[in-house]
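Per full-length UniProt numbering, the very first residue in the sequence shown carries number 1; after that it's consecutive. From the three backbone atoms N, C-alpha and C, an ideal C-beta is built for every residue, glycine too. Worksheet for the structure shown next.
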Amino acid sequence: MQLHWHRRDVRAADNRGLSAAAAEGDVVPVFVFDDAVLDHAGASRVQFLVDALDELRAWYRERGSDLVVRRGDPRTVLPELAAEHGIDRVVWNEDYSGLARERDAAVRRALDEAGVRSESFHDAIFHEPGSITTNAGDPYSVYSYFWKKWRDREKPAPVAAPESDALASVSGDPIPTCSDLGFERPDADVPEAGTDAARRRLAEFCDDPIYRYAEGREYPARDATSGLSPDLKFGTIGIREVYEATAEARASAAGERDESVGEFQSQLAWREFYSHVLRYNPNVVAENYKEYENAIEWRDDPEALRAWKEGQTGYPIVDAGMRQLKAEAFVHNRVRMIVASFLTKDLLLDWREGYAHFRDRLVDHDTANDTGGWQWAASTGTDAQPYFRIFNPMTQGERYDPDAEYIRRYVPELRDVPAADIHRWHELSPTRRAELSEGYPDPIVDHAERREDAIAMFEAARGD
Ligand SMILES: Cc1cc2nc3c(=O)[nH]c(=O)nc-3n(C[C@H](O)[C@H](O)[C@H](O)COP(=O)(O)OP(=O)(O)OC[C@H]3O[C@@H](n4cnc5c(N)ncnc54)[C@H](O)[C@@H]3O)c2cc1C
């Protein structure tokens, strides 16, 4: 008997570890709620996970099997389950964060001691860490070089879900609710979870939006991106299945449409780039990747942090983004860059404050991508934004949300304000602002001043 330990692969299809387990005998599928992981979780992600597990359990039940669900420390739970079910080999798919790798090494030791074989597979990304390196054999720190190699590598096809006769006839367990796990139901609207929903999102995206993605992805009001990030985070769909659909879409495309699909594939490569960065630099969750001569003197300003979190900074595009986060546990990529830049370069607050808030709220929080995105915006990461290139939140809003459609969707106090006034909110007099909107705040900082302060802060850190 084989045991497949589902973790960030909440699916049966295109699952390399599960297929490998099924190739050698009856599989007992298991999910373990680990308190060490729950400690870093947020309500929206727990809800998404619980819903996805419900769907996976139904899939197993339809095939005469079931999902065994436990809560506890995998180091003790897995050897116990192995003894209970007469398991010869425990299989899982790799997770590249430092904490996960430490846990997996400890689980492997516990299984060894119990005389049970264990084996792990690369599944979450196409090209495992260490397989795309510089000519000197080092991991890449510059994305464009990584991308060229990633793009040209052969992409394996999806693997089939196991047949019913490869699944053990076991009786499973109820899936705990959010509150059983110590989380309130999220206030945000969490997207529908599970492989069916992920496949639907992928099919809809590849039907048409993918051909306009290169341009459309920059405009938050257009909803022109795939929405697949929570699916890729929890593995409710396999990366090979996603890529295959994009390759099929590309086969019939030419010119700009072809380039647009290529642009989408390059975002999948960013995801793999950051997974490699995290695998070789586990400290990026807490430390700057880039070393400065002196410590960066971030400010301590709890009031400004609170205004940023609540979407009350008086910078409309920033506030819209932070309120989207609250309402949907999601923020559009362009706006993630804007709010992250505002926190670090206008409020001069440490990127770790922003990262902690995103980790708490995002339904798609992924350690590699979230630290990658934050350190990019804070000019502390791999291939990051240069410290002197500072986003202007007004021109960003004007350029990427010209009619203020996205802003008005999330900031009701500005619904009746003309777009031109929204985009020059900081230039209006307090009296004019009060005339235009009753409750919307004045800007809490002056961008032009803070831009100078930010450059000075980084120059001091550089020792200039
Ligand atoms: C400060 C900051 C924090 C971020 N935090 C996260 C996070 O926690 N989880 C997360 O998945 N992404 C994160 N991103 C990257 C990006 O914003 C999201 O992946 C994207 O907005 C998700 O929407 P989508 O699935 O519609 O993306 P699409 O544009 O449809 O892209 C498809 C997929 O490619 C990957 N991808 C796209 N952009 C990036 C990127 N810049 N870096 C890495 N992978 C990317 C994601 O898996 C995404 O689902 C962050 C970006 C920034 C600037």
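Identity of the residue in the options nearest residue i by Cα
i           : options            : result
residue 434 : 278, 416, 449      : 416
residue 395 : 306, 368, 342      : 342
residue 36  : 281, 99, 144       : 99
residue 280 : 329, 201, 140      : 140
residue 361 : 383, 323, 375      : 323
residue 190 : 230, 26, 351, 298  : 230
residue 460 : 125, 296, 41       : 296
residue 204 : 218, 214, 186, 228 : 228
residue 61  : 24, 102, 165       : 165
residue 288 : 352, 308, 335      : 352
residue 39  : 408, 424, 309, 356 : 356
residue 64  : 172, 219, 216      : 172
residue 408 : 428, 440, 383      : 440
residue 363 : 304, 328, 390      : 328
residue 220 : 421, 243, 349, 337 : 337
residue 405 : 103, 82, 222       : 222
Where residue i falls, given that 16 or more other Cβ within 10 Å makes a residue buried
i           : result
residue 431 : exposed
residue 402 : exposed
residue 148 : exposed
residue 388 : exposed
residue 371 : buried
residue 109 : exposed
residue 30  : buried
residue 52  : buried
residue 302 : exposed
residue 158 : buried
residue 283 : exposed
residue 215 : exposed
residue 238 : buried
residue 123 : buried
residue 97  : buried
C-alpha gap between residue i and residue j, whole angstroms
i           : j           : result
residue 381 : residue 3   : 39 Å
residue 273 : residue 311 : 31 Å
residue 325 : residue 169 : 42 Å
residue 105 : residue 226 : 35 Å
residue 397 : residue 331 : 15 Å
residue 146 : residue 161 : 31 Å
residue 385 : residue 378 : 7 Å
residue 213 : residue 76  : 46 Å
residue 117 : residue 79  : 11 Å
residue 346 : residue 454 : 7 Å
residue 446 : residue 293 : 28 Å
residue 335 : residue 253 : 29 Å
residue 245 : residue 436 : 47 Å
residue 275 : residue 126 : 11 Å
residue 54  : residue 32  : 14 Å
residue 121 : residue 464 : 47 Å
residue 1   : residue 84  : 11 Å
residue 247 : residue 111 : 40 Å
residue 207 : residue 304 : 43 Å
residue 316 : residue 340 : 14 Å
residue 426 : residue 232 : 39 Å
Whole-number beta carbon distance between residue j and residue i, since they are thought to touch under 8 Å
i           : j           : result
residue 12  : residue 67  : Their Cβ separation, rounded to whole angstroms, is 10 Å, which puts residue 12 and residue 67 out of contact at 8 Å.
residue 47  : residue 153 : Not quite, the Cβ-Cβ distance comes to about 36 Å (not below 8 Å), so this is no contact.
residue 320 : residue 411 : 5 Å
residue 178 : residue 58  : Wrong, their Cβ atoms sit about 19 Å apart, outside the cutoff.
residue 422 : residue 313 : With 8 Å as the limit, residue 422 and residue 313 do not qualify as a contact, their Cβ atoms being about 14 Å apart.
residue 93  : residue 9   : 5 Å
Ligand 1 heavy atom lying under 7 Å from the CB of residue i
i           : result
residue 290 : no
residue 271 : yes
residue 281 : no
residue 2   : no
residue 171 : no
residue 276 : no
residue 370 : yes
residue 301 : no
residue 332 : yes
residue 86  : no
residue 146 : no
residue 544 : Any question about residue 544 goes unanswered here, given that the chain covers just 1 to 464.
residue 195 : no
residue 123 : no
residue 225 : yes
residue 337 : yes
residue 346 : no
residue 373 : yes
residue 362 : yes
residue 358 : yes
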